[in-house]
Amino acid sequence: MRIQSLRVRLILGAGVWIAVALVLAGVTIGYLFTKNVERGASADLSATMSRLIALIDPDARGTAPVLTGTLPDPRYDTPISGLYWQITDLGTEQTIRSRSLWDDVLRVGFPGEGGQLSTARGPVGQSLLAFSLTARFPKAKSERRYQVIVAQDRSILDEAIARFGRELAVALLILGVVLVLAAILQVRFGLSPFRRLRQDIEAIRKGIASSIEAAYPLEVVPVVSEVNALLALQQKSMDFARSRASDLAHGLKTPLAVLGTIAYQLEEGGDARGAASIIDLTNEMRDRIDYQLRLVRLRQRTRMHALSASLSSVVPRAVAVLKKTRAGEHLDWAVDVIDGLNVDIDANDLIELVGVILENAAQWANSLICIQAKDDATAVELQISDDGPGIPPSALSSIGQRGRRFDETGTGLGLAIACEIVSLNNGTIAFERSKYGGLEVVIRLPVATPEEPWQRKLNAWQ
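The opening residue of the sequence shown carries number 1 in UniProt numbering; numbering runs sequentially from there.
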């Protein structure tokens, strides 16, 4: 499975390498500690060996070895204590041993004069670390040789090693957690320019800024430069397209004016039918040009382009303007729009949308226009109804379709503009017959996402 998140990749990579490094460190430290413990035990046994040899009396009469004193460690006098010594006269095969060894015998290989470190079996079957050597005491006519063995229960060493291993594991675990947290903080800090870049791009999408101006690390500067260059190119392309559309529209207005003059002359000359045909065609062409120019002014956006506009304030203002027009001054306007309705759409596009729908309603209403707006968890619904002549049910589905003649249903180009705006902003629009007999337009637009704290600060700063 391929991981898409760069943050997760970096954290997982750091976690794997930290785990590998800690395991290797744990194994190495444990090995060095074990060797150090064994060397320390060997040194202790060697020191005990030297003291024990110094206590041997080679001139003592008898066949068994004789000591001139005792070792200071009381564990050698405690049965099965874990510390043992044994001396064997190699000439008489007589043996003396520590009280801790009780009546057991230590058996190791025959040592050299330099001594050797080996393992032996203890009194109760435990494993012993044994140091043995052959001590020689010269005499006038002969010498006495003794095999001296000093041993220690290896479980004492193993317990110390195991205890250190547990403590080392806990320490390495704590260190690993600290290092992973540090890696997470480092990744978060290292990727913070990309979060800021995202916020700056979102500010551009919202229209708050036109380019990315903030200072960024050297590694991010090329990306910022490319984004700014792309934005500049996009803006240049849009300006060029709008300019060409405007030039085309203005270039067509003069021929349309000439056609209007020709139609007037034909009507004066008695050809009323031909004049009417030309007037209808020129009016439709003007409508088409106006329609395309208004589409050019709409704000293009993507699915992730978050905006916010207040429907609660746009509707009353549009109604107030239309009440002063010839078509709306004699109408009864019933407005039921609650406060706080914010939709995910550019404010200018919302004004255009509400305006064209209300203009169409005012054009065809007889006496009443009813406006209602309500919201749910995901969308705001706006209903505009009038008591005009209405539209046949068979024609409702064709309203606003691209390529349809606007005069076929008598709704004008406004509804086609409304459909474009709604489609551009991820909403829906439906046309029905209202309960008052006219047309009912139902528009649903996504609820605006609440602003993040950084967005509020940026808007306040702007």
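For glycine and all other residues, C-beta sits at the position ideal for the given N, C-alpha and C.
Cut-off 7 Å between Cβ atoms - residues of its own chain near residue i, not counting five sequence neighbours on either side
i	result
residue 156	82
residue 410	Unreliable positioning characterises residue 410 in this predicted model, as indicated by a pLDDT of 45, which lies under 50. A coordinate reading is not provided.
residue 37	157, 160, 161
residue 148	49, 52, 53, 87, 132, 133, 135
8 Å contact criterion, which residue i and residue j should meet: CB distance rounded
i	j	result
residue 391	residue 439	6 Å
residue 321	residue 371	Residue 321 to residue 371, Cβ: 14 Å. No contact.
residue 135	residue 151	About 16 Å separates the two Cβ atoms, so there is no contact after all.
residue 385	residue 341	Between residue 341 and residue 385 the Cβ distance is about 18 Å, and since that is not below 8 Å, they are no contact.
residue 357	residue 445	Their Cβ separation, rounded to whole angstroms, is 12 Å, which puts residue 357 and residue 445 out of contact at 8 Å.
residue 331	residue 373	Actually they are not in contact, since the Cβ atoms of residue 331 and residue 373 sit about 19 Å apart, beyond 8 Å.
residue 437	residue 387	5 Å
residue 448	residue 308	4 Å
residue 343	residue 380	5 Å
residue 259	residue 278	6 Å
residue 30	residue 125	About 27 Å separates the two Cβ atoms, so there is no contact after all.
residue 193	residue 220	5 Å
residue 238	residue 256	At roughly 26 Å, the Cβ-Cβ gap does not stay under 8 Å, so residue 238 and residue 256 are not in contact.
residue 432	residue 396	7 Å
residue 312	residue 339	5 Å
residue 168	residue 40	About 17 Å separates the two Cβ atoms, so there is no contact after all.
DSSP three-state assignment for residue i, whether helix, strand or coil
i	result
residue 149	strand
residue 14	helix
residue 20	helix
residue 429	strand
residue 366	coil
residue 233	helix
residue 310	strand
residue 120	strand
residue 399	coil
residue 168	helix
residue 7	helix
residue 458	Because residue 458 carries a pLDDT of 42, less than 50, the predicted location of this residue cannot be relied on, and no value is offered for it.
residue 188	helix
residue 144	strand
residue 34	helix
residue 105	coil
residue 56	strand
residue 341	coil
residue 210	coil
residue 349	helix
residue 434	coil
residue 439	strand
residue 45	helix
residue 67	strand
residue 75	helix
residue 326	coil
residue 216	coil
residue 61	coil
residue 392	coil
residue 253	helix
residue 262	helix
residue 28	helix
residue 274	helix
residue 81	coil
residue 269	coil
residue 411	Unreliable positioning characterises residue 411 in this predicted model, as indicated by a pLDDT of 44, which lies under 50. The coordinate reading is nonetheless provided below. Residue state, collapsed to three classes: coil.
Residues of its chain near residue i, where Cβ-Cβ distance is below 6 Å and the 5 sequence neighbours each way are ignored
i	result
residue 353	418, 421
residue 224	212, 216
residue 118	108, 130
residue 303	For residue 303, the pLDDT reaches just 47, beneath the cut-off of 50, and the residue's location in the model is therefore unreliable, although a value from the coordinates is still provided. Excluding residues within five positions, none has a Cβ falling inside 6 Å.
residue 355	318
residue 60	66
residue 442	383, 430
residue 263	275, 278, 279
Counterpart residues of residue i in DSSP-defined beta bridges
i	result
residue 203	Per DSSP, none; premise fails for residue 203.
residue 381	374, 444
residue 86	97, 149
residue 283	Looking at the DSSP assignment, residue 283 forms no beta bridge with any residue, so it has no partner.
residue 134	147
residue 334	370
residue 386	369
residue 127	121
Own chain residues within Cβ distance below 8 Å of residue i, not counting five before or after
i	result
residue 115	46, 49, 131, 132, 133
residue 469	Nothing about residue 469 can be reported from this structure: the residues present for the chain run from 1 to 462 only.
residue 128	84, 106, 119, 120, 121, 122, 151, 152, 153, 154
* Asked: Is it a yes or a no for the segment 175–187 touching the segment 81–95, going by three-plus beta-carbon pairs under 8 Å?
  -> no
* Asked: Does the segment 66–77 come close enough to the segment 194–204 that 3 or more CB-CB pairs lie under 8 Å?
  -> no
* Asked: Below 8 Å, can you find three or more Cβ-Cβ pairs linking the segment 92–102 to the segment 10–30?
  -> no
* Inter-stretch contact (C-beta, 8 Å, three-pair minimum) for the segment 39–53 and the segment 205–214 -> no
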